[in-house]
Each structure stands twice: as C-alpha cells, then as structure tokens.
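Enquirer: The opening position of the sequence shown corresponds to residue 1 in the UniProt record's numbering, with each subsequent residue numbered one higher.
Cβ coordinates follow ideal geometry from the N, Cα and C atoms, glycine included.
Just passing along the structure, written as structure tokens.
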Amino acid sequence: METEEAAALSEAYANASSVSINIQQEQDSLNRLVGDHKLVISLLPFTFHPQVAQMCIQHKVNLVTASYASPDMKKLHQR
1 METEEAAALS
11 EAYANASSVS
21 INIQQEQDSL
31 NRLVGDHKLV
41 ISLLPFTFHP
51 QVAQMCIQHK
61 VNLVTASYAS
71 PDMKKLHQR
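Right, here's the structure in full:
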C-alpha cells in the first residue's frame, strides 16, 4: 500500500494513524512507535512479523497481522 493511500484511509478514523518506516534501518523509530500505541496492525511481509512481534511483546502491545502464523510466530505465541 502506498503511503498516501494509507494516510487517506486512516484519516477516516479519529484514533488511527498510518506510518511508513524502514524497520531494517529504523529500529529506534519502530520501538518508539510500538511503545506509543495500544495496537499495531502490521501489513508487512510475513518475514518481518517476528521482529515487530518481539517489540509488541516487550511493550505489551497487541499485534494484528494479515498473514498466517509462521513457525517463527508460533514460537512467540506463548510469550
């Protein structure tokens, strides 16, 4: 999804915002964003979900993805 399209979609909801970052290069930004929110909806490729999930676990933030549960994600389920 393009950044402009995501921003337009989130404008319809008072408590929603869209963010576009490179999580491989902006770990501090991702950490701050996860910590500042109650829910993370990840539309990233499934290979990045464990990285986001680790931060969500650290900050006790719920995570929603559109992907199936990969073996790496299943390992995190009990944490």
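1. Taking the CB atoms as reference points, tell me whether residue 31 and residue 55 lie closer together than 8 angstroms.
2. For the segment 8-53, list the beta strand (DSSP E) runs that are entirely contained and at least 3 residues long, ordered along the chain.
3. Kindly identify the DSSP beta-bridge partner or partners of residue 65.
4. With DSSP collapsed to three states, give me the class of residue 59.
Expert: In brief:
1. By one-based count along the sequence shown, residue 31 stands at place 31. By one-based count along the sequence shown, residue 55 stands at place 55. Result yes, Cβ atoms of residue 31 and residue 55 sit closer than 8 angstroms.
2. Here the runs fully enclosed are 39-42.
3. For the purposes of this step, residue 65 is identified with residue 65 of the sequence shown, where counting begins at 1. Residue 65 is bridged to 42.
4. Here the question's residue 59 lines up with position 59 in the sequence shown. In the structure shown, residue 59 sits in a helix (DSSP, three-state: H, G or I).
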